[in-house]
Each structure stands twice: as structure tokens, then as C-alpha cells.
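Residue numbers (the numbering used here), protein chains in the order written: chain H, 1 to 334; chain R, 1001 to 1334.
Where is the CB? At the ideal position from N, CA and C, for every residue including glycine.
Note that this is a predicted model, so its numbers are computed, not measured.
Working notes, beginning with the structure itself.
2 protein chains.
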Amino acid sequence: MHLSELVTPALVVDQAALDGNLATMAAALPGARLRPHVKAHKCTSLAARQAATGHHGFTCATIRECEGLAAAGLGEDLLLANEVLDTRRIGALLEAGHRVTVCVDSAATIAAAVAGGVREVVVDVNVGLPRCGCAPEDAAGLAELARSLGLSVRGVQGYEGHVVGLESAVERTEKCKASMEILAAAHAAVGGELMSAGGTGTYVINTWASEIQAGSYVLMDTAYGRLGLPFRQAVYVLATVISTSAPALGAWSVADAGLKAFGMDHGLPEIAGSKVWYCSDEHIVFEPARHVGDRVLVAPAHVDPTIAYHERMHLADLASGEILETWPVDLRGW
Amino acid sequence: MHLSELVTPALVVDQAALDGNLATMAAALPGARLRPHVKAHKCTSLAARQAATGHHGFTCATIRECEGLAAAGLGEDLLLANEVLDTRRIGALLEAGHRVTVCVDSAATIAAAVAGGVREVVVDVNVGLPRCGCAPEDAAGLAELARSLGLSVRGVQGYEGHVVGLESAVERTEKCKASMEILAAAHAAVGGELMSAGGTGTYVINTWASEIQAGSYVLMDTAYGRLGLPFRQAVYVLATVISTSAPALGAWSVADAGLKAFGMDHGLPEIAGSKVWYCSDEHIVFEPARHVGDRVLVAPAHVDPTIAYHERMHLADLASGEILETWPVDLRGW
Chain H
1 MHLSELVTPA LVVDQAALDG NLATMAAALP GARLRPHVKA HKCTSLAARQ AATGHHGFTC
61 ATIRECEGLA AAGLGEDLLL ANEVLDTRRI GALLEAGHRV TVCVDSAATI AAAVAGGVRE
121 VVVDVNVGLP RCGCAPEDAA GLAELARSLG LSVRGVQGYE GHVVGLESAV ERTEKCKASM
181 EILAAAHAAV GGELMSAGGT GTYVINTWAS EIQAGSYVLM DTAYGRLGLP FRQAVYVLAT
241 VISTSAPALG AWSVADAGLK AFGMDHGLPE IAGSKVWYCS DEHIVFEPAR HVGDRVLVAP
301 AHVDPTIAYH ERMHLADLAS GEILETWPVD LRGW
Chain R
1001 MHLSELVTPA LVVDQAALDG NLATMAAALP GARLRPHVKA HKCTSLAARQ AATGHHGFTC
1061 ATIRECEGLA AAGLGEDLLL ANEVLDTRRI GALLEAGHRV TVCVDSAATI AAAVAGGVRE
1121 VVVDVNVGLP RCGCAPEDAA GLAELARSLG LSVRGVQGYE GHVVGLESAV ERTEKCKASM
1181 EILAAAHAAV GGELMSAGGT GTYVINTWAS EIQAGSYVLM DTAYGRLGLP FRQAVYVLAT
1241 VISTSAPALG AWSVADAGLK AFGMDHGLPE IAGSKVWYCS DEHIVFEPAR HVGDRVLVAP
1301 AHVDPTIAYH ERMHLADLAS GEILETWPVD LRGW
């Protein structure tokens, strides 16, 4: 099957770029040094490719992602890098023989873990991002509470999410260091083998963490593309030009991929050689005028919420247009 | 089943608000005066409610929406208010006995309609929004071309999408009039019974169109909520507070609904009585601090791309928390 036969809009993955990104990361952070975050791609077939390059533990943001990876035979060592209260679903995965470690950052989430049959946790520590994570000085007490209730505490997590997207590499490095010094102190107080942190923007400069949770590196987006990282844009939304303006009106094109095909929180997606004007529900409007029927590859500004709109992604040889494999985006929803 | 038993995030529809919105619209634009646009809700169960209040023709933005409505027995008179090239799928619906009228705005889309077995079209006219639609002076020629190739031309469409969201009612009215004068002239030149236009923001002031394509009115969002329309917010994302900051850090809460639960092009969603700081993939961060386990209703800024992230919506009595029905969001994808 050829790209020209796809119903559009459709997610297309550039095989050469994907393979390059996988190889670059496996060389930089081999084996367990990387715990790939599946929230970026939500696809067990792609996770299997990451496992094939040596990374057998995965990071998840939702229980559904844990369940899906486990069902796909990838549940050897999952870290749910998030607080959850619906812990019976995790308990069920453990009973089925999978390994899932859950984040806790409060007495309430520890109680929920115990009630749901969770066995292993990490203490989630706030390292500067105002989101989840306990105050650093509370980490040891929470670990003690968790252990007193029978949980195994594998260590700490602290996500420097306020740092990973900074365009200045110097600033990224300095702020990453500051965050990881906080996390290292908490780790010393908590104990355990894991100090889990990091993302695509800090994968190489975060030398403190025992493992890096990068996810976006494998498919990339235009925001991460501005950071000078050695990863190439590997995912696009293929769209078809359905309308082109009459010369009397101006010179623009409309293709059939819009707000339901792209996460928009990082701004507009991009088309090489074109200027994107705006998106509406099912349209992307850009200049110059193209021919009706032309196909364009649109690069998302933010990969994670883009993928989550799509049912499947097509692995393709972009040079020939041949579609090599089609993978369901099977970790969507909750 | 009760709202407290739902896995979050979950789409919840306020039955009282929904029924009110349906009744208000059916009174203002009875029967065929409204052709509800299903792109806003993507749900055949909700379309059936609209049909039950008298609106039997529907507007669609995608072929999948046409196929889904037809499969649900709602294919009596569908208008695909968009240009498409994959017209064999429309031809198949016609062969199965459904009625689908398609927009054309170029010789290329007319040729595609003929090739795919489409029988009825409307000429899509640009009335000021730089998107699809032919130049007004080209409408008659395109209608003539379509008829010469055996298509039945039912009239014109012209969407005043640059007008429907204007907060000033005076400006909305003046610009709607300007757009509809363009469309009326094209309609006079093209002929046919349909002059299809309008949206939730112009449903009552657009007195020129033969039918109004409003969709958002039924569920609403915070953007349309600012226009002073007689429709109430009827859809929310139910989220659970999973983390609350230590007093030493500040005073915020984190709930489990983020960039994969809300279309973000209109800005941040809102929580009554709270100040939303930001969203990340699976989190919404807001003040003040709440208790872990609290549930919050989050109102989307833009309904259409919000709904498209969710597998189902739950119709509920918000006063009692009882879930009355659960509807699949079955018109997603392409």
C-alpha cells in the first residue's frame, strides 16, 4: 500500500527518522538507563521497537497505558509516573504477574496504593515544577509511612518538566542540576535503587538520575526540534489539499487536517515551505496556493496530544511512499 | 451508577442543560430551519435527541460522520459541509439508500463528485472566511458545470465562520448581514432550494439562510458562553484531584485531566470557583488547594476538539449525580 491510498488525515511515521532516533537514544542511554515514556506515542507496536533496542522498562502516565503494555507482553517493569486513586486496576495487573510501580506523594495516595493491592512505589518529589510531587523535606516521612504499611519503596521520581523545553542549553543544564540536587537529597533520605527523572530535553545533561523517562525523542515535534537535539522529526499528519483559493481572493490552500488532528497547546503545526495561517476543526489553512489533490506532510507542534487524536499510525518509507506497517494507537483513553 | 464511580477523566453531560438547549433551539429554529452540525458532539445518540426535537437533516464535516449517522438510521438528508475527494465512500452511502449532499467549490471537487457517484451537491461560496468556498462570482459557473455533468445542484452554502464567535452582538449582526448578502446573490445565480449557513453565534441573527448549521449550542463551551446566548454549558470533563501541594510550596491542586482531554486552541478550560494555571498531558493545575479525591467539573474552552478526545459521554443528573445513559462518541476519526 502507498501513502497516496490513505484516507486523510493520517499519522505517518518516517521509518528512517524513527530508526535513527531509536539508535541514537540506545547508544546514548543503553538498556535500563532509559525508561521510555509511552505517553508520547501511545502505541504498543512502537514500544516493542523500543524494547528491541534494549529498553525493557517503560514509563506510563495512565493506568490504561499500563494495562495496554501488560496485555502486549511488555509489562516486565512499568513505572506509572503519576498519582492515581483507582488502584484496584493496578492490583489486578500485579495479580496477573506484571510489575507496576506507582508514584505516591501524599498519605492519601499511599493509602490508596495499599487499598488497591499495589506492592511497589516511588516517592514523587517536587523539584520545581508546580504539579505533583511532595515537598522535598516530606519525602523521607512518606517513604517511612509507605514502608510501615507494607509497601516496598523503590526510590524517588522528580520530573524537571519546567526545564526540559528551555531553548537555551546553558539554562537547561543549570536548572536541571538545581532540580536534580533536590532529588538526590530526597533520594538519599528515601533510599531504594531508583532515581527516575528526565525527558527528551534533558536526556543527556541529566547525569544524576538512575534512569531517564524520555518519550518524545522517538517521534519528535517542532517544539523539541528547536532544541538542537540529535533526533529528527519522525511523525507527520498526512493531509490532502481539498480547496485552493480563487486568484481574486488571494493565494491560500486548505487541507483536511485540523484541530481534531493536532494538539494545539504548543501552537500551530508546520508545513515545510509553507506558512500556516490557522487551523479549524477539520482544516489547516496555509499559503501558497496548491493544487486540489496535492498531499502535504504536517509536522505537529506537540507530539503527545497530537497522537492521542488518531486511531492508528502508518510506518512508511517516505522516499518511495510505501507503507511498511500500520500500528494501532492502542493506549489511548483512560 | 453514580458519577463518583466513573473512571476519570470522563465527559459528563448535564441532562437539564442539554434538554434546555434542545428545547430553546427547537423553539427558535423548528424542524428543517436547523440542520444540526454533528461535528460538535460526534455522537449518534445525541443526534437522535436532536432528531426527536424535530431536526431530521444533519450537517457533517467528515465522511465518517456521514457514514456513522447513516448506520444509526439518521441518513435521511445529510449535508457534508466540506469538500472531499474520497467520494466513492459517499457513492456507497447513496447506493445503500441514504441521502448525502456534498459541497463543491472547484472543477476538481465537481469531477471527484461525479467520479465517486455523488448525485447532489451545493456550491460552497466564500463569504469572508479565508477557508473553503469559491469566489462569489464563480458560483454560477460551477453550478452550470456541475449540472452539465449530471449533478443535481441543491443550492449554496457559505459559512460565516469569521463572524460566529465575535463577542459584540452588533458587530456579529452587521458582519453576518454582509456575508449573507454575498451568499444570497450567489444563491440567486445558482438556484436550488438550499441556502445553508450559520452557526451557534449567528443562529438567531442569520435570517437570510434557509437553514442554520449550528452544532455547539447543544453542549456549549466557555467561548460561546461569553456571547450572551440562551444556551447553558451542558458538557464537562469530570476529573479527580490526585495531588495537592504541601503548604510549604504554595496552594494548588492537580486533577487528572489535561491536554489529551481538552481541545486547547481556545485557551484553558475553566473550573468554577478556581483559577486554572495550566494543563499538561494528563494534568490540570489550579488553585486553590483541594483534597485528594475531590472531583471537579471542568468546562472546555472549545467543545468540538474536546469531545473528539473521548470515547464516550455520560448523561447525568448533576443534582443527584446519577448517570442516566452512556453514549459512545461514535463519529470520531476519519
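Using beta-carbon distances, Arg-1035/R does not count as an interface residue toward chain H, since no partner is under 8 Å.
If you draw a straight line from the Cα of Leu-331/H to the Cα of Asp-19/H, it is about 21 Å long.
Bridge pairing for His-1002/R: Glu-1322/R [DSSP]. Contiguous beta strand (DSSP E) elements confined to the segment 146-220 of chain H occur at 152-157, 194-197, taking only those with 3 or more residues. Under the three-state reduction of DSSP, Leu-1034/R is assigned to strand. Using a Cβ-Cβ cut-off of 8 Å, Pro-288/H does not count as an interface residue toward chain R, since no Cβ of chain R sits closer than that to its own.
By the C-beta density criterion, Asp-1294/R is exposed, having fewer than 16 other C-beta atoms within 10 angstroms. Here the alpha carbons of Thr-1101/R and Thr-240/H stand approximately 20 Å from one another.
Using beta-carbon distances, Ala-248/H counts as an interface residue toward chain R, with a partner under 8 Å. Between the segment 1146-1162 of chain R and the segment 1106-1125 of chain R, the count of Cβ pairs shorter than 8 Å is three or higher; the stretches touch. Taking a contact as a CB-CB distance under 8 Å, the pair Glu-83/H and Ile-1242/R counts as one, their CB atoms being some 4 Å apart. Across the segment 1285-1311 of chain R, CB contacts with chain H closer than 7 Å involve Val-1285, Val-1292, Gly-1293, Asp-1304, Pro-1305, Ala-1308, Tyr-1309, Glu-1311, in sequence order along the chain. Here Leu-11/H is not near Thr-44/H, since their CB atoms are 8 Å or more apart. By the C-beta criterion, the segment 1288-1307 of chain R is judged to be in contact with the segment 1212-1232 of chain R, since at least 3 inter-stretch pairs fall below 8 Å. By the CB criterion at 8 Å, Tyr-1224/R and Thr-1200/R fall inside the cutoff. Within the same chain, Cβ atoms closer than 6 Å to the Cβ of Ser-1280/R are found at Gly-1258, the five residues on either side in sequence being excluded.
For a Cβ distance threshold of 8 Å, residue set Asn-1082, Glu-1083, Val-1084, Leu-1085, Thr-1109, Cys-1132 of chain R lies close to Ile-242/H, ordered along the chain.
Collapsing the DSSP output to three states places Cys-1132/R in coil.
Counting only the Cα atoms, Ala-1111/R lies some 14 Å from Gly-1141/R. Here the alpha carbon of Met-1025/R sits roughly 51 Å from the alpha carbon of Leu-94/H. Using beta-carbon distances, Leu-1331/R does not count as an interface residue toward chain H, since no partner is under 8 Å. Only residues of its own chain outside the window of five on either side were considered, and among them Leu-1003, Leu-1006, Thr-1008, Pro-1009, Ala-1010, Val-1012, Arg-1295, Leu-1297 have a CB closer than 7 Å to the CB of Leu-1238/R, listed in chain order.
For Glu-282/H, the residues of chain R that pass the 8 Å Cβ criterion are Lys-1039, Ala-1061, Thr-1062, Asn-1082, in the order they occur in the chain.
Secondary structure of Thr-306/H (DSSP, three-state): helix. Note on the segment 48-94 of chain H: whole alpha helix (DSSP H) runs with a minimum of 4 residues are 63-71, in chain order.
Taken through DSSP and simplified to helix, strand or coil, Val-1007/R comes out as coil. By DSSP's assignment, Cys-1043/R forms no beta bridge with any residue. For Pro-328/H, DSSP records a beta bridge to Arg-312/H. No residue range can be given for Leu-1268/R, since it is assigned to no beta strand (DSSP E) and is classified by DSSP as neither H nor E. Among the residues facing chain R, Leu-259/H is included, as its CB has a counterpart in that chain under 8 Å away.
Fewer than three beta-carbon pairs drawn from the segment 227-237 of chain H and the segment 1278-1292 of chain R are found closer than 8 Å, and the two stretches are therefore not classed as touching. Met-1001/R counts as exposed, since fewer than 16 other C-beta atoms from the protein chains shown sit within 10 angstroms of its C-beta. Taking C-beta atoms as the reference points, Leu-1074/R and Ala-1051/R count as a pair closer than 8 Å. Using a Cβ distance threshold of 8 Å, Leu-1129/R and Arg-1099/R do not count as a contacting pair.
Going by DSSP, Leu-1238/R is part of the beta strand (DSSP E) stretching over 1235-1244.
In the structure shown, Glu-1137/R adopts helical secondary structure according to DSSP, grouped into three states.
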